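*Asks:* All the letters of the sequence shown, read from the start, carry residue numbers 14 to 420 under the working numbering.
Even glycine gets a Cβ: it sits at the ideal position worked out from N, Cα and C.
Predicted, not measured: the structure shown is a model, and the values here were computed from it.
Have a look at the structure that comes next, please.
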Amino acid sequence: MDQLTDTGRRAPAATPPHVARLRRAISLFFALDGFVFAGWVVRIPAIKEQIHASAGALGLALLGVSVGSVATMLLTGKLCRRYGNHPVTVVTAALLSLSVALPPLTHSALRLGLVLLLFGAAYGGLNVAFNAAAVDLAEAVRRPILPSFHAAFSAGGLVGAGLGGLLAPQLSPLWHLLLLTATGLVVTAYAGRVLLRTPGPATGQGPRRDGTDAAPGGRAAGGRTRLFVTVYGLITLCTAYGEGALADWGSLHLSADLHTGPGAAAAGYAVFALLMTVSRMSGTWLLERLGDTPVLVAGGLLAAVGMLVGALAPQLWLVYLGYALTGLGLANVFPVAVGGAGALAGPHGVAVASTLGYSGILLGPPSIGFLAEAYRLPGALTTIAALAALAALLGRVVQPGRRRAPR
Numbered sequence: 014m015d016q017l018t019d020t021g022r023r024a025p026a027a028t029p030p031h032v033a034r035l036r037r038a039i040s041l042f043f044a045l046d047g048f049v050f051a052g053w054v055v056r057i058p059a060i061k062e063q064i065h066a067s068a069g070a071l072g073l074a075l076l077g078v079s080v081g082s083v084a085t086m087l088l089t090g091k092l093c094r095r096y097g098n099h100p101v102t103v104v105t106a107a108l109l110s111l112s113v114a115l116p117p118l119t120h121s122a123l124r125l126g127l128v129l130l131l132f133g134a135a136y137g138g139l140n141v142a143f144n145a146a147a148v149d150l151a152e153a154v155r156r157p158i159l160p161s162f163h164a165a166f167s168a169g170g171l172v173g174a175g176l177g178g179l180l181a182p183q184l185s186p187l188w189h190l191l192l193l194t195a196t197g198l199v200v201t202a203y204a205g206r207v208l209l210r211t212p213g214p215a216t217g218q219g220p221r222r223d224g225t226d227a228a229p230g231g232r233a234a235g236g237r238t239r240l241f242v243t244v245y246g247l248i249t250l251c252t253a254y255g256e257g258a259l260a261d262w263g264s265l266h267l268s269a270d271l272h273t274g275p276g277a278a279a280a281g282y283a284v285f286a287l288l289m290t291v292s293r294m295s296g297t298w299l300l301e302r303l304g305d306t307p308v309l310v311a312g313g314l315l316a317a318v319g320m321l322v323g324a325l326a327p328q329l330w331l332v333y334l335g336y337a338l339t340g341l342g343l344a345n346v347f348p349v350a351v352g353g354a355g356a357l358a359g360p361h362g363v364a365v366a367s368t369l370g371y372s373g374i375l376l377g378p379p380s381i382g383f384l385a386e387a388y389r390l391p392g393a394l395t396t397i398a399a400l401a402a403l404a405a406l407l408g409r410v411v412q413p414g415r416r417r418a419p420r
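Spelled out as structure tokens, the structure:
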């Protein structure tokens, strides 16, 4: 019989071989997602030159990724309930791999925006599907393993960005992105074979015969559950706002306000991304020893303090320290919130939390831009700290809902 840990969780039993295979396969899809998206991002400047687009026209075209993602996420939750998380993961991963090669084939901002709608739809669908599959696996093994999957995503992004930087001077955007397509299809074929041939774990969740969702323990999802799922979604929005804003404006803050060179400015975001990856690698260990609520609350507060330092400190090393603390704090808040929403409402909960989270990524960069006009960039960046603190407060609010989910 499983024994309880000090945090009230059951101590993990030996992992069955099929569960280990599923975990590796799902991790590969997370890594592939980060790898492909980062590889596309580093070629955006070359695509801009190819289509001769102004900054405004390119910005509108790039909205295609966001619009496609947000529009698809809730639909993907329904598809996962109907067909299963694993088949939807495989299909959307294949679509993502194929669609990333389309932007170099366009020659206008309008056509670029249209193909990015498809790319964004595949990206958003894959994020919902593999997060739902990861939540199911975490519930089945009764361990908080979601941060390890998100660590794989972060690691894939680091590899994709690094490889893209090396290949950009050597390969045209078409050949580079075709290489991503080939890599993605190979990974999808290998990991997808495992997902489709290995039965999914039994979690007690899923659709009921009357078409409504079953909450953990077989209970129908009611108004209270929907409320807690929405709060989890707001937590993901708060933290994703910080990730998106810091990705777009963190380096600019270093170059414009601290007058650093391009290398030192780029290193700021690299510090944030690296510490986020490292923190997610240790996320399962932290959650098993501390529990969900302390990680949510402490992570939000640590990110708030770190971002205040990163935004307002006058010295470069202090800004780096602030960015590092922000990465450490934000790293596990998003996975824990998505996992909590999925534990309460299955794929629909994951879809709601992911949609709100991606909305935060959309809101972050433009919000910082507008606020910087009025309060200068350092002042605008403090909104990241404010929303991280709000995420910590919401982490306390959802504690009763977390107790409802059996561990």
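For the alpha helix (DSSP H) containing SER112, name the first residue and the last one.
*Replies:* Taken as a continuous stretch (DSSP letters only), the alpha helix (DSSP H) holding SER112 covers 98-112.
*Asks:* Straight-line CA distance for LEU176 to THR238?
*Replies:* Distance between the alpha carbons of LEU176 and THR238: 43 angstroms.
*Asks:* How many angstroms separate the CA atom of LEU108 from the CA atom of ALA135?
*Replies:* If you take the alpha carbons of LEU108 and ALA135, they lie about 6 angstroms apart.
*Asks:* From the DSSP output, in three-state form, read off ASN345 for me.
*Replies:* It is coil, neither helix nor strand.
*Asks:* Going by beta-carbon coordinates alone, are LEU35 and LEU150 separated by less than 9 angstroms?
*Replies:* Cβ atoms of LEU35 and LEU150: closer than 9 angstroms.
*Asks:* Would you mind giving the Cβ-Cβ distance between MET86 and THR368, rounded to the nearest angstrom? I have them listed as a contact below 8 angstroms.
*Replies:* Right, their Cβ atoms sit about 4 angstroms apart.
*Asks:* If you drop the 5 nearest sequence neighbours on each side, which residues of the same chain put their C-beta closer than 6 angstroms to that of GLY52?
*Replies:* Result list for GLY52: GLY173, GLY177, LEU193, in chain order.
*Asks:* Could you please give the first and the last residue of the uninterrupted alpha helix (DSSP H) stretch that includes ILE158?
*Replies:* Unbroken run through ILE158: none, as it is neither H nor E.
*Asks:* Distance, Cα to Cα, VAL310 vs LEU384?
*Replies:* Rounded to the nearest angstrom, the two C-alpha atoms are 27 angstroms apart.
*Asks:* Pairs of beta-carbons, one from the stretch 297-314 and one from the stretch 385-395, closer than 8 angstroms: are there three or more?
*Replies:* Contact fails: fewer than three Cβ-Cβ distances are below 8 angstroms.
*Asks:* Could you tell me the alpha carbon to alpha carbon distance between ARG37 and TYR203, rounded to whole angstroms?
*Replies:* Straight-line Cα distance between these residues: approximately 11 angstroms.
*Asks:* Please state whether DSSP places LEU115 in a helix, a strand or coil.
*Replies:* Looking at LEU115 - three-state DSSP - the assignment turns out to be coil, as it is neither helix nor strand.
*Asks:* Shortest alpha-carbon distance to LEU390 belongs to which of THR306, VAL308, LEU247, LEU271?
*Replies:* When each option's Cα is compared against that of LEU390, the closest is LEU271.
*Asks:* Just curious, the alpha helix (DSSP H) that VAL200 is in, first and last residue?
*Replies:* Its alpha helix (DSSP H) spans residues 186-210.
*Asks:* Do you know how far the Cα of GLU152 is from the Cα of LEU190?
*Replies:* The alpha-carbon atoms of LEU190 and GLU152 are separated by roughly 36 angstroms.
*Asks:* Say whether the stretch 242-253 touches the stretch 344-352, bearing in mind that this needs 3 or more beta-carbon pairs closer than 8 angstroms, one atom from each stretch.
*Replies:* Because the criterion of three Cβ pairs below 8 angstroms is met, the stretch 242-253 and the stretch 344-352 touch.
*Asks:* Is the CB-CB distance between GLY382 and THR252 below 9 angstroms?
*Replies:* No, the Cβ-Cβ distance between GLY382 and THR252 is not below 9 angstroms.
*Asks:* Kindly confirm or deny that the stretch 354-364 and the stretch 317-336 touch, where touching means at least three C-beta pairs closer than 8 angstroms.
*Replies:* No, they do not touch.
*Asks:* Just how far apart, CA to CA, sit GLY236 and SER40?
*Replies:* Cα to Cα, GLY236 sits roughly 33 angstroms from SER40.
*Asks:* Taking DSSP as the reference, what is the three-state secondary structure of ARG94?
*Replies:* Three-state result, ARG94: helix.
*Asks:* Give a yes or no on contact between the stretch 403-412 and the stretch 257-272, applying the rule of three or more CB pairs nearer than 8 angstroms.
*Replies:* Cβ pair count under 8 angstroms is below three, so no.
*Asks:* Given a cut-off of 9 angstroms on the beta-carbon distance, is the pair LEU208 and THR102 in contact?
*Replies:* For LEU208 and THR102, yes; Cβs fall inside 9 angstroms.
*Asks:* Under 6 angstroms Cβ to Cβ from SER264, same chain only, skipping five residues before and after it: list those, please.
*Replies:* For SER264, where only same-chain residues beyond five positions count, the Cβ hits under 6 angstroms are ALA278, ALA279, GLY281, TYR282.
*Asks:* So GLY169 and PHE285 are in contact, right, with Cβ under 8 angstroms, and what is the actual spacing, rounded?
*Replies:* The Cβ separation is near 17 angstroms, so there is no contact.
*Asks:* Measure the C-alpha to C-alpha separation of GLY81 and ILE57 and round it to an integer number of angstroms.
*Replies:* Each residue's Cα considered, the two are about 18 angstroms apart.
*Asks:* Considering only residues of the same chain and omitting the five flanking positions on each side of PRO30, which have a CB-CB separation below 8 angstroms?
*Replies:* Here the set comprises nothing.
*Asks:* Nearest-angstrom Cα distance between SER112 and GLY126?
*Replies:* So the two alpha carbons sit approximately 12 angstroms from each other.
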